[in-house]
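In our numbering, the protein residues as written are 1 to 263.
Cβ coordinates follow ideal geometry from the N, Cα and C atoms, glycine included.
Shown next, in structure tokens, is the structure this report addresses.
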């Protein structure tokens with residue numbers, strides 16, 4: 001990855017964006033180097049991060065990210081066929097970033113009671129109420145209530161709870177990889193640490209990923225995402241996801257079903 005970036009980077013590049021963990025669940029270990037490379041040409045370094053990973057992984061701001069964004073769904077939001085959906089964005093606390101946010105901003109403010117704090121509008125002079133047609137914010141379908149849910153979730157979990165959550169997910173991943181790698185015809189694609197997602201290769205079978213997934217559905221299991229077209233170089237591969245909602249018995253059931261389908 002670094003070699004690719006070094007060839008592509010130039011002063012014409014405005015931003016370098018990475019996901020950590022990435023789409024395939026791999027944890028990027030060269031983040032500090034990528035940050036230095038981006039800043040060497042004056043580019044922003046933007047990181048997409050799963051918030052549930054931040055109890056066990058370094059905060060992106062600590063390795064040089066100027067902007068961080070991601071999905072709030074894992075923070076206590078209900079699961080509804082892919083929803084509920086809400087996102088977050090954070091940046092360095094500098095005016096050139098804050099002034100560009102296309103939303104009304106809220107922050108901590110004092111109240112009439114000494115030592116008591118509340119929340120109120122901040123940087124109000126950048127909105128259409130002051131700037132009229134030059135204002136940066138837009139009003140539309142909002143997910144502010146989901147933001148409150150995420151805030152309550154984080155408050156209840158606390159730093160130690162988020163650490164336990166992240167560790168639990170990674171332990172589940174290792175357990176799943178251990179069980180699946182013992183099945184004839186299955187190979188775990190990466191030996192590096194993963195978070196939530198990991199890639200499985202089907203090596204000794206004439207069945208395609210699509211056919212394997214259809215057989216797994218007969219066993220009451222949704223198989224991994226077919227990567228054979230997205231990443232042809234991976235061959236007959238699928239992307240599986242293990243999160244805190246999966247228990248030991250669920251992982252064992254998956255392993256038994258795959259062994260039945262493949263052998």
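Short of 8 Å in beta carbon distance, which residues of its chain neighbour residue i, apart from the five on each side in sequence? Order them along the chain.
i           : result
residue 50  : 21, 70, 71, 74, 195, 196
residue 173 : 25, 194, 195, 196, 198, 242
residue 181 : 187, 188
residue 234 : 189, 199, 201, 227, 228
residue 83  : 73, 77
residue 155 : none
residue 263 : 183, 184, 185
Hey, residue i and residue j: beta-carbon distance below 7 Å or not?
i           : j           : result
residue 66  : residue 92  : yes
residue 18  : residue 47  : yes
residue 244 : residue 169 : yes
residue 86  : residue 143 : yes
residue 90  : residue 68  : yes
residue 223 : residue 236 : no
residue 249 : residue 183 : no
residue 41  : residue 6   : no
residue 204 : residue 185 : yes
residue 200 : residue 226 : no
Work out the CA separation of residue j and residue i for me, nearest whole Å.
i           : j           : result
residue 103 : residue 136 : 7 Å
residue 36  : residue 211 : 45 Å
residue 261 : residue 23  : 26 Å
residue 124 : residue 98  : 11 Å
residue 59  : residue 1   : 21 Å
residue 231 : residue 239 : 11 Å
residue 115 : residue 217 : 58 Å
residue 61  : residue 94  : 14 Å
residue 247 : residue 161 : 18 Å
residue 157 : residue 164 : 9 Å
residue 107 : residue 130 : 18 Å
residue 8   : residue 176 : 37 Å
residue 80  : residue 178 : 30 Å
residue 117 : residue 256 : 54 Å
residue 112 : residue 105 : 21 Å
residue 171 : residue 251 : 12 Å
residue 202 : residue 221 : 17 Å
residue 30  : residue 192 : 13 Å
residue 4   : residue 133 : 42 Å
residue 96  : residue 122 : 15 Å
residue 219 : residue 88  : 37 Å
residue 145 : residue 159 : 22 Å
Which residues in the same chain have their Cβ closer than 6 Å to the Cβ of residue i, if we skip the five residues on either side of it in sequence?
i           : result
residue 45  : 16, 35, 38, 64, 65, 66
residue 109 : 118, 120
residue 215 : 261
residue 153 : 75, 76
Is residue i near the ligand NAD, with its Cβ less than 6 Å from a heavy atom?
i          : result
residue 47 : Summarising the ligand content, the structure contains no ligands, and the ligand NAD is consequently not present.
What distance in whole Å lies between the Cβ atoms of residue j and residue i, which are believed to be in contact at a cut-off of 8 Å?
i           : j           : result
residue 254 : residue 150 : Not a contact, Cβ separation roughly 29 Å.
residue 32  : residue 13  : At roughly 18 Å, the Cβ-Cβ gap does not stay under 8 Å, so residue 32 and residue 13 are not in contact.
residue 53  : residue 166 : 6 Å
field: beta strand (DSSP E) runs contained entirely in the region 176 to 226, provided each spans 3 or more residues
entry: 186 to 188, 197 to 202, all fully within the region 176 to 226.
- request: Could you pull out every unbroken alpha helix (DSSP H) segment of at least 4 residues lying fully inside the region 46 to 117, listed in chain order?
  value: Runs of the alpha helix (DSSP H) inside the region 46 to 117: 95 to 98.
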